[in-house]
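**Student:** Going by the working numbering, the sequence shown wraps up at 549, each residue one higher than the last.
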Amino acid sequence: MKRFITVMATVLVASGTWAVDFTVDANDLTAHAWPLNGVNAGPGRVRGGISDVSDQYREMGISMVRTHDYYGPCDYSTIFPSSYNANDPWAADAYADSSYHFAESDAAIEEIEAVGAQVMFRLGESWNTADPQNWHPPKNKYGTVAHVSRHIAKHYGADTGRVTMWEVWNEPNHDMFWDQGGYANQNAALEPFFGLYAWVAQGLKDKFPGIMVGGPGAAGDASQGIADFCRKFCKSIKIKNAPLDFYSWHS
């Protein structure tokens with residue numbers, strides 16, 4: 299049975315207001331409309347003291363949850379504790395299962411899946427004013443960071459279609475997540491991050507060609523600042539020939 303929807307569209311113009319009637323044939327499918335009701339964190343361990351909003355997520359039809367700001371679960375420093383060792387960061391054996399701790403992160407992922415939402419896994423750290431954890435991984439450990447990322451992706455079924463969207467980092471253009479100190483300017487500070495992104499993203503895509511990998515969850519700014527950072531990031535990634543299936547930002 300054909301379904302027709304009559305829509306009244308109202309457009310405001312400088313000279314006044316006018317309306318147009320038009321008809322939509324909902325059975326004539328030319329493309330999919332993608333859901334836009336993704337959220338950040340939850341449904342368990344939500345900020346503000348609320349323990350669980352799973353019922354509300356189901357009622358709202360939340361389609362995707364980004365694993366950021368759980369303050370522990372899904373952070374590098376929880377899953378691979380050696381990453382946050384001030385004396386020798388990322389020193390543990392990345393190939394040894396004993397170097398990883400997944401219990402809290404597993405629970406967070408399972409809560410997301412239980413409400414029928416997909417997971418957008420953010421590889422990085424939560425916002426933490428008391429202890430920012432915005433150290434730079436040593437350049438000679440970029441390969442370790444990339445292997446740890448692949449190990450995490452394997453654990454969460456990147457090879458089986460379980461978790462297929464992987465975001466590298468969060469807000470590297472904010473000094474809470476990537477220390478800007480000790481550099482002549484922000485461009486110089488960010489170039490090491492661009493290199494790290496290329497290592498991690500390429501490693502993930504090589505190992506799991508069916509996933510989407512991107513980032514970097516850029517920090518919000520004035521419109522010009524948002525555009526300028528995007529251009530810098532994409533230019534660097536193009537030069538490095540690194541994969542970028544999606545670009546994410548805050549605004």
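We put the beta carbon where it would ideally sit given N, CA and C, even for glycine.
For the candidate residues T458, T328 and N426, whose alpha-carbon lies nearest to that of S375?
**Tutor:** Translated into the one-based positions of the sequence shown, residue 375 becomes position 77. Of the candidates T458, T328 and N426, the one whose C-alpha sits nearest the C-alpha of S375 is N426.
**Student:** Could you give the DSSP three-state label for P371: helix, strand or coil?
**Tutor:** Looking up residue 371 in the sequence shown gives position 73. Note: P371 maps to coil in three-state DSSP.
**Student:** Would you mind working out which of Q484, T442, P436 and G414 sits nearest G336, comparing C-alpha positions?
**Tutor:** Residue numbering aside, residue 336 sits at position 38 when the sequence shown is read from its first letter. Among Q484, T442, P436 and G414, the Cα nearest to that of G336 is on G414.
**Student:** So for L421, helix, strand or coil by DSSP?
**Tutor:** The sequence position of residue 421 within the sequence shown is 123, counting from 1. L421: strand per DSSP, three-state reduction.
**Student:** Would you give the residue range spanned by the alpha helix (DSSP H) that A401 belongs to?
**Tutor:** Along the sequence shown, one-based indexing puts residue 401 at 103. Element bounds for A401: A401 to A412.
**Student:** For A389, which residues in the same chain have their Cβ closer than 7 Å to its Cβ, ignoring the five residues on either side in sequence?
**Tutor:** One-based indexing of the sequence shown puts residue 389 at position 91. Same-chain partners within the cutoff: S380 and N383.
**Student:** Please confirm whether A392 and H445 have their CB atoms less than 7 Å apart.
**Tutor:** Looking up residue 392 in the sequence shown gives position 94. Looking up residue 445 in the sequence shown gives position 147. The answer is yes: Cβ separation under 7 Å.
**Student:** Is it true that the stretch 490-497 meets the stretch 517-527, where meeting means three or more beta-carbon pairs spaced less than 8 Å apart?
**Tutor:** No contact exists between the stretch 490-497 and the stretch 517-527.
**Student:** For H434, which option in H548, G518 and N471 has the closest C-alpha, if you only look at C-alpha atoms?
**Tutor:** Numbered from its first residue, the sequence shown carries residue 434 at position 136. The option with the nearest alpha carbon to H434 is N471.
**Student:** Do you know how far the Cα of W497 is from the Cα of K503?
**Tutor:** Indexing the sequence shown from 1 puts residue 503 at position 205. Indexing the sequence shown from 1 puts residue 497 at position 199. C-alpha separation (whole angstroms): 10 Å.
**Student:** Counting only the same chain and skipping the five closest in sequence on each side, list residues whose C-beta sits under 7 Å from that of N338.
**Tutor:** For the purposes of this step, residue 338 is identified with residue 40 of the sequence shown, where counting begins at 1. These residues qualify, in order along the chain: R364, H366 and D367.
**Student:** Where does R356 sit, in a helix, a strand or coil, going by DSSP?
**Tutor:** The residue labelled residue 356 in the question sits at position 58 within the sequence shown. Three-state result, R356: helix.
**Student:** Give me, in chain order, the residues of the same chain whose beta-carbon lies closer than 6 Å to that of Y355; leave out the 5 immediate sequence neighbours on both sides.
**Tutor:** Residue mapping note: residue 355 aligns to position 57 of the sequence shown, counting from 1. Contacts found: P341 and V413.
**Student:** Below 7 Å between beta carbons: does that hold for Y398 and F378?
**Tutor:** In the sequence shown, counting from the first residue as 1, residue 398 sits at position 100. In the sequence shown, counting from the first residue as 1, residue 378 sits at position 80. Their beta carbons are under 7 Å apart, which means Y398 touches F378 by this criterion.
**Student:** What's the call for P507, buried or exposed, on a 16-neighbour Cβ count within 10 Å?
**Tutor:** The count along the sequence shown starts at 1 and reaches residue 507 at position 209. Classification of P507: exposed, given that the 10 Å Cβ count is below 16.
**Student:** What do you get for V318, buried or exposed, if any count of 16 or more other CB atoms within 10 angstroms of its CB means buried?
**Tutor:** Translated into the one-based positions of the sequence shown, residue 318 becomes position 20. It counts as exposed.
**Student:** Can you list, in chain order, the residues of its chain whose CB lies under 7 Å from that of E402, leaving out five sequence neighbours each side?
**Tutor:** On the sequence shown, position 104 is the one that residue 402 refers to. Within the same chain, E402 has close Cβ partners G370, P371 and T376.
**Student:** When the Cα atoms are used, what is the spatial distance from E469 to D526?
**Tutor:** Looking up residue 469 in the sequence shown gives position 171. Looking up residue 526 in the sequence shown gives position 228. If I take the Cα positions, the gap works out to 14 Å.
**Student:** Compute the Euclidean distance between the alpha carbons of S361 and A482, then round it to the nearest angstrom.
**Tutor:** The residue you call residue 361 lines up with position 63 of the sequence shown. The residue you call residue 482 lines up with position 184 of the sequence shown. Spanning the two alpha carbons is a distance of roughly 42 Å.
**Student:** Report the partner residues of Q416 according to the DSSP bridge assignment.
**Tutor:** Reading the sequence shown from its first residue, position 118 is the one you call residue 416. DSSP output for Q416 lists M362 as bridge partner(s).
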